[in-house]
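Data block below; observations after.
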Amino acid sequence: MKRFCLIAIAAGCSLMAQAQTNATNTLSTPRGPTLINSDSADFDLTGHEATYHGHVRVDDPQMKLTCEQLIVDLPAAGGRVNHIVAETNVVIDFLDNKGQTNHMTSEKAVYVYKVENGLTNETVTLSGKPQPQMENAQGKQSGDVIIWNRVNTNTYARIIGDYHLIAYQHFSGAVAGTNSSAASTNSDAAAKTTRVPPDAVENTNPAVPPGQP
Amino acid sequence: MSARANIAGMAFAAGAALWFTAATGGRAQQDGHASDFTTTEYFPGQKQVKTILSGAEAIPRTGGLLIIKQLKLQKFNTDGKLECIVTAPECIYDTKGCTASSAGPLQLQNGDGKFQVAGEGFLWRQTNSFLTISNQVRTRIENGATANIKP
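Same order as they appear, the protein sequences are chains H and L. With my numbering applied, the first sequence covers 1409 to 1621. With my numbering applied, the second sequence covers 5 to 155.
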């Protein structure tokens, strides 16, 4: 029996939720190193800036990123990297706290790390044209700006501006004519699309796209 | 001529004074080669060390070029803290243009070693402290920080 589940990024959906950029009630664990590979690079030791060019790949414990250019503010001794800009064909893949793969694309991504009043903020802001997209098993969403909160692993993204949503339909059991499990079948062909006018200001809860009751 | 004077004379040739302002040791040979040398540059008008350059061997070439083997360059800030260390098995230093270059490997790390870079082929422009690595750039950043996880 084919059980039809329309996933419209329901309230409990782990895809996205309201961003809270302040980490509270958290434990700290050591984080592994970040590796950056590229074809070439320039290091401005006066301006404390590194610019990587060509086939840039970042391997971080929380994500994988590829792009064509990456600009890193070099940390002073004892400091840490707190500002990175990725440009051109930016692709980010990461696992959320439920082990679910998330895929994001954009023309520009800006990483910011800062600690204010004892609270840690760590975000990645995606922007540019074409619109940034974020996709996982539940669906695909796009907006003028996507802000990914890397600190709070339960609520980690916010979409601002012209908002689009494609919610995937999920099937349990075998699909007629195939041997594939419906649970693993996600396709745009079986998707519900929602588009919100460009004047939509902010979507703080993707379960209810902007403009929807 | 003392070893110190020989090294200094070699390094300062053709206006290399921008790079070295003092030589602090090493052994010089009659053909102009020097070995196990260290030179120090100071911030203008100060006694504060700006850079320390050392090498296992320095071989002068025509045109104001100097082949340096086992290069190690340490750069300090005005507070005396180590900013970065650059090492390379070999490079060519252009005393006229104040540049160092090589087709070979290079390593760079910041003062605490948490930001490390390696690559193949480089050009170092001393006048503005600008380093270009041409190929196979690999960077390792020790976050030193922590991942925050809800209990």
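Note that beta-carbon positions come from the ideal geometry of N, C-alpha and C, so glycine has one too.
Whether residue i touches residue j by CB criterion (9 Å)
i	j	result
N1505(H)	N1544(H)	no
A62(L)	L70(L)	yes
W128(L)	C95(L)	yes
V1553(H)	P1540(H)	yes
L1573(H)	K1548(H)	yes
F47(L)	T82(L)	yes
M1630(H)	I1567(H)	Any property of residue 1630(H) remains undetermined from this structure, which presents chain H solely from 1409 to 1621.
P93(L)	G117(L)	no
L1453(H)	S106(L)	no
T1496(H)	C1475(H)	yes
Q1355(H)	F1502(H)	In the structure displayed, chain H extends from 1409 to 1621; residue 1355(H) sits before or after that span and is not available.
I1444(H)	T1459(H)	no
L1534(H)	W1556(H)	yes
For residue i, the residue or residues it bridges with in DSSP
i	result
S1535(H)	K1516(H)
Y1571(H)	Per DSSP, none; premise fails for Y1571(H).
T91(L)	K76(L), Q111(L)
E124(L)	P109(L), N139(L)
G59(L)	F41(L)
Q1524(H)	According to the sequence provided, residue 1524(H) is Glu. The question's Gln does not apply to it. Its beta-bridge partners are L1527(H).
Residue i: contacting residues in chain L (beta-carbon distance under 8 Å)
i	result
A1449(H)	V121, G123, T136, I137, V141, T143
Y1460(H)	V141, T143
Partners in chain L for residue i, counting only beta-carbon separations shorter than 9 Å
i	result
D1452(H)	N132, S133, F134, L135
T1474(H)	Chain L residues near T1474(H): none, gap ~15 Å exceeds 9 Å.
V1445(H)	Looking at the sequence itself, residue 1445(H) is Asn, so the reference to Val does not match. By Cβ distance, chain L contributes Q140, V141, R142, T143.
R1465(H)	In chain order: nothing, as chain L lies at least about 10 Å away.
Selection from the options that minimises the alpha carbon distance to residue i
i	options	result
L77(L)	A107(L), T43(L), F47(L)	T43(L)
V1493(H)	G1486(H), A1484(H), Y1521(H)	Y1521(H)
V1447(H)	F126(L), F80(L), I145(L), Y97(L)	Note on residue identity: the sequence assigns Asp, not Val, to residue 1447(H). Nearest of F126(L), F80(L), I145(L), Y97(L) to D1447(H), Cα basis: F126(L).
V1523(H)	N1490(H), V1480(H), M1471(H), V1532(H)	N1490(H)
V1532(H)	Q1508(H), G1455(H), V1499(H)	V1499(H)
R65(L)	L135(L), T143(L), T99(L), L112(L)	T99(L)
V90(L)	C102(L), G49(L), G123(L), G67(L)	G123(L)
K85(L)	A104(L), I56(L), Q74(L)	I56(L)
Q111(L)	S133(L), Y97(L), R142(L), Q130(L)	R142(L)
L1482(H)	G115(L), G68(L), K73(L)	G115(L)
L75(L)	S138(L), G67(L), A38(L)	A38(L)
D40(L)	K73(L), G68(L), Y97(L), Q130(L)	K73(L)
R144(L)	G101(L), Q113(L), T136(L), I137(L)	Q113(L)
T103(L)	G49(L), Q50(L), L135(L)	L135(L)
Y1519(H)	G1440(H), L1473(H), R1439(H), S1550(H)	L1473(H)
Q1477(H)	G1486(H), S1514(H), G1507(H)	S1514(H)
Chain-ordered chain L contacts of residue i [CB-CB under 7 Å]
i	result
L1527(H)	The contacting residues do not exist; L1527(H) stays about 10 Å from chain L at best.
T1442(H)	I145, N147
Got a sec: which bits of the region 131-149 of chain L sit with their beta carbon under 9 Å from any beta carbon on chain H, in order along the chain?
Cβ contacts with chain H come from N132, S133, F134, L135, T136, I137, S138, N139, Q140, V141, R142, T143, R144, I145, E146, N147, G148, A149.
Chain-ordered residues of the region 55-88 of chain L with a beta carbon less than 9 Å from chain H:
Flagged, chain order: K79, N81, K85, L86, E87, C88.
If the cut-off is 8 Å on Cβ atoms, which residues from the region 99-119 of chain L count as contacting chain H, listed in chain order?
Cβ proximity to chain H below 8 Å picks out L112, N114, G115, D116, K118, F119 from the region 99-119 of chain L.
Scan the region 1481-1496 of chain H for residues whose Cβ lies nearer than 8 Å to a Cβ of chain L and list them as they occur along the chain.
Result list: L1482, P1483, A1484, A1485, G1486, R1488, V1489.
For the region 1502-1523 of chain H, which residues have a CB atom closer than 9 Å to at least one CB atom of chain L, in sequence order?
Only N1505, Y1521 from the region 1502-1523 of chain H bring a Cβ to less than 9 Å from some Cβ of chain L.
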